[in-house]
Amino acid sequence: MSAIAAPALAAADDAPRTAQLGMWIFLGTEVLFFGGLFVAYAVGRAHWPHGFAVASRHTDVVLGTVNTAVLLTSSAIVAFAVACADHPAQRRWTALALWATAALGVVFLAIKGVEYAHEWSEHLFPLADFALTEPGAELFWVLYFVMTILHSVHLLIGIVGVAAFARATGAGKSWPTPGRVDTMALYWHFVDIVWIVLYPLLYLVERHA
Amino acid sequence: MKQTTLREHARVVVIAWAVLLALMLTSLGSAYLDLGAGNVVAGLVIAFVKSAIVLWLFMRLRKSSATVRIVAATALATLLILLALSGVDYATRTSEPAAFQSPRQAPSFVGGKPATQQTR
Chain A
145 MSAIAAPALA
155 AADDAPRTAQ
165 LGMWIFLGTE
175 VLFFGGLFVA
185 YAVGRAHWPH
195 GFAVASRHTD
205 VVLGTVNTAV
215 LLTSSAIVAF
225 AVACADHPAQ
235 RRWTALALWA
245 TAALGVVFLA
255 IKGVEYAHEW
265 SEHLFPLADF
275 ALTEPGAELF
285 WVLYFVMTIL
295 HSVHLLIGIV
305 GVAAFARATG
315 AGKSWPTPGR
325 VDTMALYWHF
335 VDIVWIVLYP
345 LLYLVERHA
Chain B
74 MKQTTLREHA
84 RVVVIAWAVL
94 LALMLTSLGS
104 AYLDLGAGNV
114 VAGLVIAFVK
124 SAIVLWLFMR
134 LRKSSATVRI
144 VAATALATLL
154 ILLALSGVDY
164 ATRTSEPAAF
174 QSPRQAPSFV
184 GGKPATQQTR
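First to last, the protein sequences are chains A and B. With the working numbering applied, the first sequence has no gaps in its numbers, which climb one by one up to 353 at the end. With the working numbering applied, the second sequence has no gaps in its numbers, which climb one by one up to 193 at the end.
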């Protein structure tokens, strides 16, 4: 009897860690999900290096860099929120930091929206009236939109999740335990890492020319 | 005691954040220098270092259990294996030019004649 009960008790103690492990495994599959797009990008850039360089120069490097800084900052703040969540006395700080994280996510999406609007007016959407004639340039812009939109969808999910944690923490709910806040933060950091890789691939191809 | 550890956490976060922003600006600056193949190498190496900082300090891989580290390492290894295998395929395949390009773009690729803007 006790031989059966003991593992069950141990499992209950490990519950938050199990959630974190589950998130890590999920993020592992996400790495492979984005990996396919990186293969497509590598093939395109290897075959049309000039086309990709020309196309990349049409991205808005200022807004792209600002957005990178926004996401890096949001990651730092959510890491701070996780540290605060370990101390029940810091509940107010945890909530505040989580709200700030979600807000920076919204700022990122707003800036991305401004970029998309510019790109639409400059005919950079890969449609019939696509502006560039350089071979490979249109493929770059297809990948640009697929990758950034997919990233934005992930970020949107993160914003909703982090905002829910912020609200519940601020309201004194008991379910946002430190382990769960950490699990949510892991997802947020992953979305940040995807952008860290996208930034040089999309915005920084041969700016010197 | 607890307050001190929180302060310690905050210090690590702030330092890591400053390093990340510095690396981002280095990456930005490197793109404006003509480094040839070094441009893409610099971009990717800096992205790798930034990712490592986020994984190690923000995602607390440095304090994670062996199981979590194995999961993270397996994900990275699988990604690298699939990248390498896909690369072998594409690197050894003959390029069929302009298969993806729209008809408007194809002439400039094949004949070197600038493509003309069609009526929209």
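Think of the CB as a built atom: it goes at the ideal place given N, C-alpha and C, for glycine as much as any other residue.
What separation, rounded to the nearest whole angstrom, lies between the Cα atoms of residue i and residue j?
| i | j | result |
| --- | --- | --- |
| A:W332 | B:A145 | 16 angstroms |
| A:G179 | A:R236 | 38 angstroms |
| A:L171 | A:L294 | 15 angstroms |
| B:S138 | B:L108 | 41 angstroms |
| A:V251 | B:I119 | 24 angstroms |
| A:T162 | A:Y185 | 35 angstroms |
| A:S318 | B:T140 | 28 angstroms |
| A:A223 | B:W90 | 10 angstroms |
| B:I126 | A:I337 | 10 angstroms |
| A:G188 | A:H202 | 17 angstroms |
| A:S214 | B:S103 | It is worth fixing the name first, because residue 214 of chain A is Val in this sequence and not Ser. Their backbone Cα atoms lie some 20 angstroms apart in a straight line. |
| B:E81 | B:A95 | 21 angstroms |
| A:V297 | A:V304 | 11 angstroms |
| A:A272 | B:F121 | 37 angstroms |
| B:T165 | B:N112 | 24 angstroms |
| B:L101 | A:R351 | 9 angstroms |
| B:T167 | B:G160 | 13 angstroms |
For residue i, which residues in the same chain have their Cβ closer than 7 angstroms to its Cβ, ignoring the five residues on either side in sequence?
| i | result |
| --- | --- |
| B:R135 | W129 |
| A:D204 | E259, H262 |
| A:M167 | T327, L330, Y331 |
| A:G302 | G249, Y331, W332, V335 |
| A:S219 | W332, H333, D336 |
| B:A83 | none |
| B:V85 | L130 |
| B:T99 | I119 |
Looking at residue i: is its Cβ nearer than 8 angstroms to the Cβ of residue j?
| i | j | result |
| --- | --- | --- |
| A:L207 | A:E259 | yes |
| A:T212 | A:W339 | yes |
| A:A353 | A:A190 | no |
| B:K123 | B:L149 | no |
| A:A254 | A:A307 | no |
| B:G116 | A:P344 | yes |
| A:F274 | A:E282 | yes |
For residue i, which option in the options has the closest C-alpha, if you only look at C-alpha atoms?
| i | options | result |
| --- | --- | --- |
| A:V349 | B:W90, B:V92, B:L106, B:F131 | B:L106 |
| A:A310 | A:D326, A:V297, A:H298, A:S296 | A:D326 |
| A:V175 | B:S137, B:R80, B:L152, B:V161 | B:L152 |
| A:L165 | B:R133, B:A89, B:L94, B:L117 | B:R133 |
| A:A239 | A:K256, A:G249, A:I221, A:A254 | A:I221 |
| A:T173 | B:S159, B:A164, B:L155, B:A104 | B:L155 |
| A:L276 | A:S200, A:L299, A:H298, A:L300 | A:S200 |
| B:L158 | A:V183, A:V304, A:R351, A:G195 | A:V183 |
| A:L300 | A:P320, A:L271, A:G257 | A:G257 |
Could you pull out every residue in the same chain whose Cβ sits closer than 8 angstroms to the Cβ of residue i, ignoring the five residues on either side in sequence?
| i | result |
| --- | --- |
| A:L269 | Here the sequence assigns Phe to residue 269 of chain A, which means Leu is not the residue at that position. Same-chain partners within the cutoff: E263, W285, F289. |
| A:P322 | P160, V226, A229, D230 |
| A:Q234 | C228 |
| A:T217 | L248 |
| A:L242 | V222, A225, V306, A307, F309, A310, T313, V325 |
Please go through the same chain and pick out, in chain order, the residues whose beta-carbon is closer than 6 angstroms to the beta-carbon of residue i, but skip the five residues on each side of it.
| i | result |
| --- | --- |
| A:G181 | Residue identity differs from the one stated: residue 181 of chain A is Leu in this sequence, not Gly. Hits under 6 angstroms: M291. |
| A:W192 | P279, G280 |
| A:A244 | I221 |
| B:V183 | Confidence at B:V183 is low in this model, with a pLDDT of 45, below 50, so the placement of that residue should be treated as unreliable; the coordinate-derived value is given next. Excluding residues within five positions, none has a Cβ falling inside 6 angstroms. |
| A:Y347 | T203, V205, G208 |
| said: Along the region 113 to 130 of chain B, where does the CB come closer than 9 angstroms to a CB of chain A? Name the residues. | reply: Only those residues of the region 113 to 130 of chain B whose C-beta falls short of 9 angstroms from the nearest C-beta of chain A are listed: V113, A115, G116, L117, I119, A120, F121, K123, S124, V127, L128, L130.
| Mind listing which residues of the region 206 to 226 of chain A have their C-beta closer than 7 angstroms to chain B's C-betas, in chain order? | Near chain B, meaning a CB-to-CB distance below 7 angstroms, the residues of the region 206 to 226 of chain A are T209, T212, A213, L216, T217, S219, A220, A223, F224.
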